[in-house]
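Only one structure is covered here, and it is reproduced in the block below.
2 protein chains.
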Amino acid sequence: MEKYAMFGKLTAKPGQRDELARMMLESSGTLEDMEGCIYYILHEAEDNPDDLWITELWESKEAHAASLKNEKVLELIGRCRHLIAEAGGIKVRPIGGKGF
Amino acid sequence: MEKYAMFGKLTAKPGQRDELARMMLESSGTLEDMEGCIYYILHEAEDNPDDLWITELWESKEAHAASLKNEKVLELIGRCRHLIAEAGGIKVRPIGGKGF
Numbered sequence: 001m002e003k004y005a006m007f008g009k010l011t012a013k014p015g016q017r018d019e020l021a022r023m024m025l026e027s028s029g030t031l032e033d034m035e036g037c038i039y040y041i042l043h044e045a046e047d048n049p050d051d052l053w054i055t056e057l058w059e060s061k062e063a064h065a066a067s068l069k070n071e072k073v074l075e076l077i078g079r080c081r082h083l084i085a086e087a088g089g090i091k092v093r094p095i096g097g098k099g100f
Numbered sequence: 001m002e003k004y005a006m007f008g009k010l011t012a013k014p015g016q017r018d019e020l021a022r023m024m025l026e027s028s029g030t031l032e033d034m035e036g037c038i039y040y041i042l043h044e045a046e047d048n049p050d051d052l053w054i055t056e057l058w059e060s061k062e063a064h065a066a067s068l069k070n071e072k073v074l075e076l077i078g079r080c081r082h083l084i085a086e087a088g089g090i091k092v093r094p095i096g097g098k099g100f
């Protein structure tokens, strides 16, 4: 099965990045139990005060897609939405390395 | 101790990405033994045929800096250099999540 990765960028509304990060980290326990999630790490951009970057590695594209249907994940997305100005990212295909 | 992350982008010379990735993956055994390296994952950009993205998470900035003095790492950088057109990336500070 081919692993699946994402580099997601969330641009918070001005001044809201800390609150957005706090809410997402509070809920990261949800991911601990999520089947097929190898890692999901939240980062602050150093060069932009509003950007958060999330790197994710999943056992498969299907495992990632299933997570987006999880009730707790949907609830979190709903609760965070008003803090987010824009969502984007970089499309990548993971090919190997340490921790792969 | 504060963890350290990097999103590195390597742009290969035209047509050289596969060879660059192959050389880097061959040497990823070096990182398996590298103290303080939590993960180091190589990705192909889907939207650009020449770009590789590397996400790294280290126990500390010092552990990452020490890796750049490792002889095998220096040897690999030297061997790959002629395949690389440009190196860049995104500066980030890791703050938490699953696998952190």
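These protein sequence lines map, in sequence, to chains A and B.
Heads up: the first sequence begins at 1 in the UniProt record's numbering, then just goes up one per residue.
Heads up: the second sequence begins at 1 in the UniProt record's numbering, then just goes up one per residue.
Backbone N, C-alpha and C define an ideal beta-carbon position, used for all residues, glycine too.
- Query: Nearest to residue 104 of chain B by CA position, among B:S67, B:I77, B:P94, is which residue?
  - Reply: Absent from the structure is residue 104 of chain B, since the part of chain B shown begins at 1 and ends at 100.
- Message: With H, G and I counted as helix, E and B as strand and the rest as coil, what does DSSP make of A:Y18?
- Response: This sequence places Asp at residue 18 of chain A; Tyr is not what is there. If DSSP states are grouped into helix, strand and coil, A:D18 belongs with the helices.
- Query: Can you give the beta carbon distance from A:A45 to A:W53, rounded, assuming they're within the 8 Å contact cut?
  - Reply: 6 Å
- What is the C-beta distance between A:L83 and A:K13, in whole angstroms, given that I count them as a contact (C-beta under 8 Å)? 6 Å
- Message: Is the beta carbon of A:D51 closer than 8 Å to that of A:T9?
- Response: According to the sequence as given, residue 9 of chain A is Lys; it is not Thr. Taking 8 Å as the Cβ cut-off, A:K9 and A:D51 qualify as a contacting pair.
- Message: Quick check: is the beta carbon of A:L76 nearer than 8 Å to any beta carbon in chain B?
- Response: no
- Query: By the 10 Å Cβ neighbour count, where 16 or more other Cβ atoms means buried, how is A:R81 classified, buried or exposed?
  - Reply: exposed
- For A:K72, which residues of its own chain have a beta-carbon under 8 Å away from its beta-carbon, when the five flanking residues on both sides are left out? S27, T30
- Query: Looking at C-alpha atoms only, which residue of A:A65, A:K69, A:L42 is the closest neighbour of A:D18?
  - Reply: A:L42
- Report yes if the C-beta distance between A:T55 and B:T55 is below 8 Å; otherwise report no. yes
- Who does residue 107 of chain A pair with in a DSSP beta bridge? For residue 107 of chain A there is no data in the structure shown, the boundaries of chain A being 1 and 100.
- Nearest chain A C-beta to B:W53 closer than 8 Å, yes or no? yes
- Query: For A:G99, which of B:Y40, B:G96, B:A21 has the nearest alpha-carbon?
  - Reply: B:Y40
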